[in-house]
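Numbering (the working numbering), first residue to last: 14 to 447.
So this is what it looks like as structure tokens:
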């Protein structure tokens, strides 16, 4: 009798298992054959704007995909939201070594899916991310794929009409670090501007911002617009690249207030409060989460006589100078990958290892390091040796003036507050995540 009951129970289990298998097969068929097109039918025009579209699934549809159970999804990983927009089109990609879907490059992924990639536009540091800061990036042919590479750094920062003539749509996917003088947002600006002028749509695949949890620093003024300061934003602006693109477009920051046909594929399950570890260095000298966190504060040293560790194993984690008082911590910059001719090459620099300070998350720029360095050198003329460059990085001449006049960090920060508050109002209109 017990054996008979067991058989009955087993049969029920088998029937249930078969039913689950059948449902799984049907789900796969529906996903592969029908859902992709439905996703593109749902587009949100944020704040009533006709200038951009946020590509998102129709309500309820996303529960039918694997994302119901997923953690963070990058924009590039949500292929079903943008793949149909690329099919049958001639595509240009703006990308570099960070444009990865898992362990496969976006270019390789799209080629395997039959997408016609006409060219790749490469930002500062090049398509493979191996050029030094400021080093010339050459156009040519990518040896791995045979696809033409077009440099967007140096004399050709903005795509020419002839470079977009054989393109129907542009796809942008680059990991950023959320800092005004990091030039990928300037490249984004010029690509959007050229797309607007040549009537080409652009899709921005969103990625997390590792410095997206705070807003701080002086807001760039109108007199200091440059490639390291394209827009009137603070040094740290607290937005993803997708949110930032929306702001560029709708705040009329493109030349002649033109608007491009902008589409943003947002991340899934992302929040600005999250800690996000960047798996691939976005540039040769930002090699760790610590360096990315310290970059907003330390990059201002680039216009001074103080080394920030270029030419060491941990750039943007140290600062030091041969004339600093002798102390326990020191480093010697040497010519190496990412720093062919570093400041104070082969000279012993005494200074500070800032890596331990990153254990606790920062919510503001650290001005104390800048002020301490000036005090240690004594003579201000030995500190900021590139005043015009310092002002471009700061976005204003006021910070240099305040430092030279002996303002405290607290006083300097107080002077930023009104402009930051105004920027926050603008920023709030374009946030896609809490």
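Heads up, the beta-carbon is just placed ideally off N, CA and C, and yes, glycines get one too. Because the structure is a prediction, the values reported are computed rather than measured.
Can you tell me whether DSSP reads residue 106 as helix, strand or coil? By 1-based counting over the chain shown, the position of residue 106 is 93. Residue 106: strand per DSSP, three-state reduction.
As a quick exercise: from 307, 326, 349 and 313, pick the residue whose alpha carbon is nearest that of residue 223. Counted from its first residue, the chain shown places residue 223 at position 210. When only C-alpha atoms are compared, the closest one is 307.
Which of the three DSSP states is assigned to residue 120 in this structure? Translated into positions along the chain shown, residue 120 becomes position 107. Three-state result, residue 120: helix.
Taking the straight line between their C-alpha atoms, what separation do you get for residue 436 and residue 246? Walking along the chain shown from the start, residue 436 turns up at place 423. Walking along the chain shown from the start, residue 246 turns up at place 233. Rounded to whole angstroms, residue 436 to residue 246 spans 7 Å at the Cα level.
Report all residues from its chain with a CB closer than 7 Å to the CB of residue 438; omit the five preceding and five following residues, and keep chain order. Translated into positions along the chain shown, residue 438 becomes position 425. Excluding its 5 nearest sequence neighbours in each direction, residue 438 has no C-beta neighbour in its own chain below 7 Å.
Quick check on the burial criterion: 16 or more other C-beta atoms within 10 angstroms. Buried or exposed for residue 105? In the chain shown, counting from the first residue as 1, residue 105 sits at position 92. Per the 10 Å Cβ criterion, buried.
CA-CA distance, residue 301 and residue 318? Here residue 301 refers to the residue found at position 288 of the chain shown. Here residue 318 refers to the residue found at position 305 of the chain shown. So the two alpha carbons sit approximately 24 Å from each other.
Return the first residue and the last residue of the beta strand (DSSP E) that residue 223 is part of. As a first step, residue 223 must be located in the chain shown, where it is residue number 210. Run containing residue 223: none; DSSP gives neither H nor E here.
Backbone secondary structure at residue 438 - three-state DSSP: Numbered from 1 along the chain shown, position 425 holds the residue referred to as residue 438. Of the three classes helix, strand and coil, the one that applies to residue 438 here is helix, per DSSP.
Find the nearest neighbour of residue 422 within the set 112, 310, 200 and 283, judged by alpha-carbon distance. Sequence index remark: in the chain shown, residue 422 carries index 409 (1-based). Here the closest residue by C-alpha is 310.
Using the DSSP secondary-structure output, state which residues sit across from residue 190 in a beta bridge. To locate residue 190, count along the chain shown from 1; it is residue 177. DSSP, once it has assigned bridges, lists no residue as partnering residue 190.
With DSSP as the reference, please indicate the residues paired to residue 332 in a beta bridge. Locating residue 332 in the chain shown gives position 319, counting from the first residue. Partner(s): 365.
Would you identify the three-state DSSP class for residue 262, choosing helix, strand or coil? What you label residue 262 is simply residue 249 of the chain shown in a count that begins at 1. Looking at residue 262 - three-state DSSP - the assignment turns out to be helix.
Paired residues, beta bridge with residue 344 - DSSP: On the chain shown, residue 344 is found 331 positions in, with the first residue counted as 1. Per DSSP, 362.
Residue of 236, 217, 295 and 296 minimising C-alpha distance to residue 261: Here residue 261 refers to the residue found at position 248 of the chain shown. When only C-alpha atoms are compared, the closest one is 217.
Is residue 430 helix, strand or coil when you go by DSSP? Translated into the one-based positions of the chain shown, residue 430 becomes position 417. It is helical.
Helix, strand or coil for residue 296, going by three-state DSSP, please let me know. The sequence position of residue 296 within the chain shown is 283, counting from 1. Note: residue 296 maps to strand in three-state DSSP.
Decide if residue 117 is buried, meaning its Cβ has at least 16 other Cβ atoms within 10 Å, or exposed. Residue numbering aside, residue 117 sits at position 104 when the chain shown is read from its first letter. Residue 117 comes out exposed.
Apply the 10 Å Cβ neighbour rule to residue 361 and answer buried if 16 or more other Cβ atoms are within range, or exposed otherwise. Counted from its first residue, the chain shown places residue 361 at position 348. By the neighbour-count rule (16 or more Cβ atoms within 10 Å), residue 361 is not buried but exposed.
By Cβ distance below 6 Å, which residues in the same chain neighbour residue 234 in space, the five residues on each side in sequence not counted? Your numbering for residue 234 matches position 221 in the chain shown. Closer than 6 Å at Cβ, skipping near neighbours: 409.
Alpha carbon to alpha carbon, what distance is there between residue 112 and residue 133? As a position in the chain shown, residue 133 is number 120, starting the count at 1. As a position in the chain shown, residue 112 is number 99, starting the count at 1. Straight-line Cα distance between these residues: approximately 11 Å.
Starting from residue 164, trace the beta strand (DSSP E) in both directions and tell me its first and last residue. The residue labelled residue 164 in the question sits at position 151 within the chain shown. Where residue 164 is concerned, the enclosing beta strand (DSSP E) starts and stops at 161–164.
Identify, in the order they occur along the chain, each residue of the same chain with its Cβ nearer than 8 Å to the Cβ of residue 343, setting aside the five sequence neighbours on each side. One-based indexing of the chain shown puts residue 343 at position 330. Same-chain partners within the cutoff: 333, 361, 362, 363 and 364.
Which same chain residues, not among the five before or five after residue 211, have their C-beta less than 7 Å away from its C-beta? Looking up residue 211 in the chain shown gives position 198. Around residue 211: 174 and 177.
Under a three-way DSSP split, which group does residue 443 fall into? Here the question's residue 443 lines up with position 430 in the chain shown. In the structure shown, residue 443 sits in coil (DSSP, three-state: anything other than H, G, I, E or B).
Could you tell me which residues DSSP puts in a beta bridge with residue 184? Here the question's residue 184 lines up with position 171 in the chain shown. 106 and 216, per the DSSP bridge assignment.
Quick one: what's got a C-beta closer than 6 Å to residue 99's C-beta in the same chain, skipping five residues either side? Residue 99 sits at position 86 when you count from the first residue of the chain shown. Result list for residue 99: 128, in chain order.
Based on DSSP bridge pairs, tell me the residues matched to residue 239. Numbered from its first residue, the chain shown carries residue 239 at position 226. According to DSSP, which records beta bridges pairwise, residue 239 is partnered with 242.
Would you decide whether residue 81 is buried or exposed? Buried here means 16 or more other CB atoms lie within 10 Å of its CB. Working through the chain shown from its first residue, we reach residue 81 at position 68. The predicted position of residue 81 is uncertain, since its pLDDT is 45 and thus under 50; a value taken from the coordinates is nonetheless stated next. Residue 81 is exposed by the Cβ-count criterion.
Which of the three DSSP states, helix, strand or coil, is assigned to residue 55? Against the chain shown, residue 55 aligns to sequence position 42. At residue 55 the pLDDT is 39, less than 50, meaning the model places this residue with poor confidence and gives no usable figure here.
Residue span of the beta strand (DSSP E) that contains residue 131, given as start and end: One-based indexing of the chain shown puts residue 131 at position 118. Residues 129–135.
Boundaries (first-last residue) of the alpha helix (DSSP H) holding residue 388: For the purposes of this step, residue 388 is taken as residue 375 along the chain shown, with counting starting at 1. Counting along the chain, the unbroken alpha helix (DSSP H) around residue 388 starts and ends at 381–390.
Roughly how many whole angstroms lie between the Cα atoms of residue 94 and residue 124? Here residue 94 refers to the residue found at position 81 of the chain shown. Here residue 124 refers to the residue found at position 111 of the chain shown. Going by the C-alpha atoms only, they are around 17 Å apart.
Counting Cβ pairs, one atom from each stretch, are 3 or more of them under 8 Å apart for the segment 335–342 and the segment 382–396? Yes: the two stretches touch, three or more of their Cβ pairs being nearer than 8 Å.
Quick one: what's residue 320 bridged to in DSSP? Indexing the chain shown from 1 puts residue 320 at position 307. DSSP lists 333 as partners of residue 320.
Are residue 433 and residue 230 close, meaning C-beta to C-beta below 9 Å? The residue you call residue 433 lines up with position 420 of the chain shown. The residue you call residue 230 lines up with position 217 of the chain shown. The answer is yes: Cβ separation under 9 Å.
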